[in-house]
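So for the sequence shown, our numbering puts the first residue at 39; every next one is plus one.
We treat Cβ as the ideally placed atom computed from N, Cα and C, and that holds for glycine.
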Amino acid sequence: MDHHSASPGPSGLVAFAVACYTFFGVFSGIVGPEGLVLLGAWLIGGFVIQIVVACKELEHGELLGGNVFNFFQGFFMLAGGISSIAKWLCLFVLMVPYSTVVEGLGWGACTIALILWSPAYLLTANGTFGMMIIITDIALIGVTLNDLCILGAAAPVVKMIVAILLFISGSLGLYCASAVQLNTAFGRTVLPLMKPLLKAKSVSTE
Numbered sequence: 039m040d041h042h043s044a045s046p047g048p049s050g051l052v053a054f055a056v057a058c059y060t061f062f063g064v065f066s067g068i069v070g071p072e073g074l075v076l077l078g079a080w081l082i083g084g085f086v087i088q089i090v091v092a093c094k095e096l097e098h099g100e101l102l103g104g105n106v107f108n109f110f111q112g113f114f115m116l117a118g119g120i121s122s123i124a125k126w127l128c129l130f131v132l133m134v135p136y137s138t139v140v141e142g143l144g145w146g147a148c149t150i151a152l153i154l155w156s157p158a159y160l161l162t163a164n165g166t167f168g169m170m171i172i173i174t175d176i177a178l179i180g181v182t183l184n185d186l187c188i189l190g191a192a193a194p195v196v197k198m199i200v201a202i203l204l205f206i207s208g209s210l211g212l213y214c215a216s217a218v219q220l221n222t223a224f225g226r227t228v229l230p231l232m233k234p235l236l237k238a239k240s241v242s243t244e
């Protein structure tokens, strides 16, 4: 029997959704500082999943998806997980202050990269996935500004907007992952996906 490699993309989207949902808890205030250590544990779990996804996607020639999962697993998951645990240690064990400005600069680089790469997703991925990318872009701008500590009195409002956007983005990720699984298993459209948001121009051969 022939062996065919399957895409680990759906599990990577579930890991993405876990990050979005847990950050929703933090930015909405549902999860307090005492929950940061467990947030770190869950993000490191997502790192394990996404490093597998990134490697497989790159092996299969998926330039865009492989590279996005690659920097997601490194910075959003692993660095984010270690950062959350470090913050918890500063607050409850070491009793020392910390600054998130350097983290804001790091988030800024990742956010700019994702925004600049987004048109490629809007052209090649289904529209539901494209909507997830757009919403994530907007949410990450808020995350960056918050960690740079430049929002001032607007911080509570921006944090709630970020929380809502992350929840929506994570939910779209779960929907896309489920659509791939169910549509493949049943051999028909069980969960519909939108058409790509950008249409490639046809090249005339005349």
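The alpha helix (DSSP H) enclosing residue i, as first and last residue numbers
{"i": "A79", "result": "74-97"}
{"i": "Q219", "result": "193-224"}
{"i": "F138", "result": "Rather than Phe, the amino acid found at residue 138 in this sequence is Thr. Careful: T138 lies outside any alpha helix (DSSP H) and carries neither H nor E."}
{"i": "V106", "result": "101-109"}
{"i": "F54", "result": "47-66"}
{"i": "K125", "result": "118-127"}
{"i": "I179", "result": "165-185"}
Contacting residues, own chain, Cβ-Cβ under 6 Å from residue i (five flanking each side not counted)
{"i": "I123", "result": "V75, G78"}
{"i": "P48", "result": "A215, V218, Q219"}
{"i": "I171", "result": "S156, Y159"}
{"i": "F61", "result": "L204"}
{"i": "L221", "result": "The sequence given here places Asn at residue 221; Leu does not occur at that position. These residues qualify, in order along the chain: T227, V228."}
{"i": "T243", "result": "Low confidence applies to T243: its pLDDT is 49, below 50, so where it sits in the model is not reliable, and the reading given next is rough at best. Excluding residues within five positions, none has a Cβ falling inside 6 Å."}
Contacting residues, own chain, Cβ-Cβ under 7 Å from residue i (five flanking each side not counted)
{"i": "S137", "result": "none"}
{"i": "A177", "result": "V200, L203, L204, S207"}
{"i": "G146", "result": "T182"}
{"i": "P46", "result": "V90, V91, K94"}
{"i": "C113", "result": "Note that residue 113 corresponds to Phe in the displayed sequence, not to Cys. Cβ within range, chain order: G144, C148."}
{"i": "I197", "result": "Here residue 197 is Lys; the residue named in the question, Ile, does not match the sequence. Answer for K197: F65, N184, listed in chain order."}
{"i": "A191", "result": "none"}
{"i": "A238", "result": "L161"}
Integer-rounded CB distance, given that residue j should sit under 8 Å from residue i
{"i": "V56", "j": "G84", "result": "6 Å"}
{"i": "F107", "j": "V131", "result": "With 8 Å as the limit, F107 and V131 do not qualify as a contact, their Cβ atoms being about 33 Å apart."}
{"i": "T162", "j": "L229", "result": "At roughly 20 Å, the Cβ-Cβ gap does not stay under 8 Å, so T162 and L229 are not in contact."}
Cα-Cα separation between residue i and residue j, rounded to whole angstroms
{"i": "E95", "j": "V140", "result": "30 Å"}
{"i": "G144", "j": "I173", "result": "19 Å"}
{"i": "I68", "j": "Q219", "result": "31 Å"}
{"i": "R226", "j": "A193", "result": "45 Å"}
{"i": "L81", "j": "Y159", "result": "24 Å"}
{"i": "S43", "j": "M115", "result": "25 Å"}
{"i": "M232", "j": "L127", "result": "44 Å"}
{"i": "P71", "j": "L129", "result": "8 Å"}
{"i": "E97", "j": "G211", "result": "22 Å"}
{"i": "E100", "j": "V195", "result": "38 Å"}
{"i": "H51", "j": "C187", "result": "What sits at residue 51 in the sequence shown is Leu, not His. Using only the alpha carbons, I get a separation of about 29 Å."}
{"i": "I153", "j": "N105", "result": "14 Å"}
{"i": "A53", "j": "G119", "result": "13 Å"}
{"i": "S209", "j": "V134", "result": "36 Å"}
{"i": "A117", "j": "V86", "result": "12 Å"}
{"i": "K125", "j": "P234", "result": "40 Å"}
{"i": "I150", "j": "F109", "result": "13 Å"}
{"i": "L189", "j": "F224", "result": "48 Å"}
Option in the options with minimal Cα separation from residue i
{"i": "G142", "options": "I179, L154, M115, A215", "result": "I179"}
{"i": "C214", "options": "V86, G165, V195", "result": "G165"}
{"i": "S121", "options": "A163, G73, I87", "result": "G73"}
{"i": "Q111", "options": "L212, F224, M169, Q88", "result": "Q88"}
{"i": "L236", "options": "G168, A53, F54", "result": "G168"}
Residues of its chain near residue i, where Cβ-Cβ distance is below 8 Å and the 5 sequence neighbours each way are ignored
{"i": "D175", "result": "T149, L152, I153, S156"}
{"i": "Y59", "result": "L204, F205, G208"}
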